[in-house]
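Counted the way my numbering counts, the sequence shown spans residues 1012 to 1164. Below is one structure; the comments refer to it alone.
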Amino acid sequence: MSVLRTARQDDLNALIQWIGSPQQCLYWAGPRVSYPIDKAQLAEQIEWDRADAFCLVGTQELLGFGQVMPKPRNRLHFARLIVSPSHRCQGYGLELVNALLRWALARQPKSISLNVFRDNAAAIAVYRRLGFTEAGPVKGYPRSAALHMRYKR
(Lines of atoms letter the chains of each structure in order from A and count residues from 1; the text may use other names and numbers.)
(Lines give C-alpha, C1' and ligand atoms only; values in the text may rest on other atoms or scores of the structure.)
Protein backbone atom coordinates (compact mmCIF):
# COMPACT_ATOMS: atom_id res chain seq x y z
CA MET A 1 0.00 0.00 0.00
CA SER A 2 1.23 3.48 -0.78
CA VAL A 3 0.23 6.92 0.45
CA LEU A 4 0.76 10.49 -0.68
CA ARG A 5 2.52 12.67 1.85
CA THR A 6 3.98 16.15 1.87
CA ALA A 7 7.55 16.04 0.62
CA ARG A 8 10.48 17.10 2.76
CA GLN A 9 13.63 18.70 1.44
CA ASP A 10 15.65 15.65 2.46
CA ASP A 11 13.55 13.65 -0.05
CA LEU A 12 15.44 15.51 -2.77
CA ASN A 13 18.49 13.36 -1.98
CA ALA A 14 16.65 10.30 -3.30
CA LEU A 15 15.40 12.17 -6.37
CA ILE A 16 18.94 13.14 -7.32
CA GLN A 17 19.84 9.44 -7.35
CA TRP A 18 16.93 8.70 -9.71
CA ILE A 19 18.22 11.05 -12.41
CA GLY A 20 20.98 9.29 -14.32
CA SER A 21 21.53 11.42 -17.42
CA PRO A 22 21.14 14.93 -18.84
CA GLN A 23 18.08 13.78 -20.83
CA GLN A 24 16.41 12.34 -17.72
CA CYS A 25 17.10 15.61 -15.92
CA LEU A 26 15.57 17.64 -18.76
CA TYR A 27 12.51 15.38 -18.89
CA TRP A 28 12.00 15.65 -15.15
CA ALA A 29 12.72 19.32 -14.49
CA GLY A 30 12.91 21.08 -17.83
CA PRO A 31 15.75 23.50 -18.49
CA ARG A 32 15.77 24.97 -14.95
CA VAL A 33 17.96 22.18 -13.56
CA SER A 34 21.27 21.19 -15.12
CA TYR A 35 22.97 17.81 -14.93
CA PRO A 36 24.75 16.69 -12.85
CA ILE A 37 22.28 18.02 -10.30
CA ASP A 38 23.74 20.37 -7.70
CA LYS A 39 22.15 19.35 -4.40
CA ALA A 40 22.83 22.77 -2.88
CA GLN A 41 20.86 24.56 -5.61
CA LEU A 42 18.10 22.05 -6.35
CA ALA A 43 15.42 23.37 -3.98
CA GLU A 44 15.74 26.85 -5.47
CA GLN A 45 15.84 25.55 -9.05
CA ILE A 46 12.62 23.58 -8.66
CA GLU A 47 10.88 26.48 -6.87
CA TRP A 48 10.47 24.51 -3.64
CA ASP A 49 9.04 27.49 -1.74
CA ARG A 50 6.45 28.24 -4.43
CA ALA A 51 4.95 24.79 -4.92
CA ASP A 52 3.24 22.09 -2.93
CA ALA A 53 5.50 19.05 -3.17
CA PHE A 54 4.42 15.48 -2.52
CA CYS A 55 5.91 12.01 -2.32
CA LEU A 56 4.22 8.72 -2.98
CA VAL A 57 5.64 6.39 -0.36
CA GLY A 58 5.42 2.65 0.18
CA THR A 59 5.99 0.83 3.42
CA GLN A 60 9.59 1.96 3.72
CA GLU A 61 10.61 3.65 0.51
CA LEU A 62 10.00 6.61 -1.72
CA LEU A 63 8.08 5.57 -4.85
CA GLY A 64 7.41 8.87 -6.60
CA PHE A 65 7.48 12.65 -6.40
CA GLY A 66 5.51 15.53 -7.88
CA GLN A 67 4.82 19.21 -7.39
CA VAL A 68 1.64 21.22 -7.75
CA MET A 69 2.38 24.78 -8.83
CA PRO A 70 -0.16 27.55 -8.28
CA LYS A 71 -0.83 29.63 -11.38
CA PRO A 72 -2.73 32.90 -11.82
CA ARG A 73 -6.54 32.85 -11.95
CA ASN A 74 -6.97 29.83 -9.66
CA ARG A 75 -5.18 27.36 -11.91
CA LEU A 76 -2.86 24.53 -10.85
CA HIS A 77 0.00 22.96 -12.79
CA PHE A 78 1.58 19.57 -12.09
CA ALA A 79 5.36 19.64 -12.39
CA ARG A 80 8.42 17.47 -11.93
CA LEU A 81 6.56 14.18 -11.79
CA ILE A 82 8.81 11.17 -11.40
CA VAL A 83 8.66 7.56 -10.26
CA SER A 84 11.65 5.75 -8.75
CA PRO A 85 13.48 3.78 -11.47
CA SER A 86 13.05 0.54 -9.53
CA HIS A 87 9.27 1.07 -9.37
CA ARG A 88 8.49 2.11 -12.94
CA CYS A 89 6.00 0.16 -15.06
CA GLN A 90 4.22 -1.06 -11.91
CA GLY A 91 1.32 1.42 -11.82
CA TYR A 92 2.91 3.91 -9.46
CA GLY A 93 2.87 6.71 -12.03
CA LEU A 94 -0.89 6.31 -12.34
CA GLU A 95 -1.22 6.15 -8.57
CA LEU A 96 0.92 9.26 -8.07
CA VAL A 97 -0.93 11.41 -10.61
CA ASN A 98 -4.31 10.16 -9.40
CA ALA A 99 -3.43 11.10 -5.81
CA LEU A 100 -2.23 14.54 -6.95
CA LEU A 101 -5.49 14.98 -8.88
CA ARG A 102 -7.55 14.20 -5.77
CA TRP A 103 -5.53 16.72 -3.77
CA ALA A 104 -5.81 19.37 -6.49
CA LEU A 105 -9.53 18.86 -7.18
CA ALA A 106 -10.30 19.37 -3.49
CA ARG A 107 -9.03 22.94 -3.99
CA GLN A 108 -11.55 23.50 -6.82
CA PRO A 109 -9.19 25.04 -9.37
CA LYS A 110 -10.46 26.41 -12.68
CA SER A 111 -8.01 24.11 -14.46
CA ILE A 112 -5.19 21.62 -13.92
CA SER A 113 -2.39 21.28 -16.45
CA LEU A 114 0.97 19.65 -17.02
CA ASN A 115 3.70 19.51 -19.65
CA VAL A 116 5.29 16.37 -21.05
CA PHE A 117 7.79 15.55 -23.76
CA ARG A 118 6.03 13.99 -26.75
CA ASP A 119 8.30 10.95 -26.82
CA ASN A 120 7.46 10.05 -23.20
CA ALA A 121 4.75 7.64 -24.31
CA ALA A 122 4.34 5.93 -20.93
CA ALA A 123 3.67 9.22 -19.14
CA ILE A 124 1.29 10.45 -21.84
CA ALA A 125 -0.67 7.19 -21.58
CA VAL A 126 -1.03 7.67 -17.81
CA TYR A 127 -2.16 11.27 -18.21
CA ARG A 128 -4.71 10.39 -20.90
CA ARG A 129 -6.06 7.52 -18.83
CA LEU A 130 -6.71 9.96 -15.97
CA GLY A 131 -8.49 12.50 -18.16
CA PHE A 132 -5.80 14.84 -19.44
CA THR A 133 -6.11 15.94 -23.07
CA GLU A 134 -3.79 17.78 -25.42
CA ALA A 135 -4.11 21.55 -25.03
CA GLY A 136 -1.36 22.74 -27.37
CA PRO A 137 2.38 23.23 -27.49
CA VAL A 138 4.59 24.18 -24.56
CA LYS A 139 5.82 27.75 -24.69
CA GLY A 140 9.53 27.84 -25.46
CA TYR A 141 9.70 24.35 -26.99
CA PRO A 142 9.26 23.23 -30.60
CA ARG A 143 5.74 21.90 -31.18
CA SER A 144 7.26 18.51 -32.03
CA ALA A 145 9.10 18.26 -28.69
CA ALA A 146 6.68 18.98 -25.87
CA LEU A 147 2.98 18.80 -25.18
CA HIS A 148 0.80 20.88 -22.85
CA MET A 149 -2.07 18.84 -21.40
CA ARG A 150 -5.13 19.92 -19.44
CA TYR A 151 -7.35 17.87 -17.17
CA LYS A 152 -10.94 17.45 -18.33
CA ARG A 153 -13.49 16.59 -15.64
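The C-beta atom is built at its ideal place from N, Cα and C for all residues, glycine as well. Since the structure is predicted, the reported quantities are computational estimates derived from the model, not experimental observations.
What first and last residue would you give for the alpha helix (DSSP H) that runs through residue i?
i	result
Arg1086	Counting along the chain, Arg1086 falls outside any alpha helix (DSSP H), though it belongs to the beta strand (DSSP E) covering Arg1086 to Val1094.
Gln1056	Lys1050 to Gln1056
In the DSSP assignment, what are the bridge partners of residue i?
i	result
His1203	With the chain represented from 1012 up to 1164, any question about residue 1203 goes unanswered, as that position is not in the structure.
Pro1042	According to DSSP, which records beta bridges pairwise, Pro1042 is partnered with nothing at all.
Ala1064	Gln1078
Determine the closest residue to residue i out of the options, with distance taken between C-alpha atoms.
i	options	result
Arg1084	Ala1117, Leu1067, Ala1064 and Ser1122	Ser1122
Gln1071	Val1014, Gln1056, Ser1124 and Cys1100	Val1014
Asp1021	Ala1064, Arg1043 and Ala1115	Ala1064
Lys1150	Leu1074, Met1080 and Gly1041	Gly1041
Leu1073	His1098, Met1080, Val1108 and Trp1059	His1098
Gly1069	Tyr1162, Arg1016 and Pro1153	Arg1016
Within the same chain, show all residues whose beta-carbon is closer than 7 Å to that of residue i, passing over the 5 residues directly before and after it, in chain order.
i	result
Pro1120	Asn1085, Arg1086 and Leu1087
Met1160	Ser1124, Leu1125, Val1127, Tyr1138, Phe1143, Thr1144, Glu1145 and Ala1146
For residue i, collect the residues of the same chain with a Cβ closer than 6 Å to its Cβ; drop the 5 residues on either side in sequence, then sort them by chain order.
i	result
Pro1096	Trp1029
Under 7 Å between the Cβ atoms of residue i and residue j?
i	j	result
Leu1158	Arg1113	no
Ala1054	Gln1078	no
Gly1102	Val1094	no
Since residue i is in the beta strand (DSSP E), which residue starts that stretch and which ends it?
i	result
Arg1028	Looking at the sequence shown, residue 1028 is not Arg but Gln. Segment Leu1023 to Trp1029 is the alpha helix (DSSP H) holding Gln1028; no beta strand (DSSP E) there.
Arg1016	Val1014 to Thr1017
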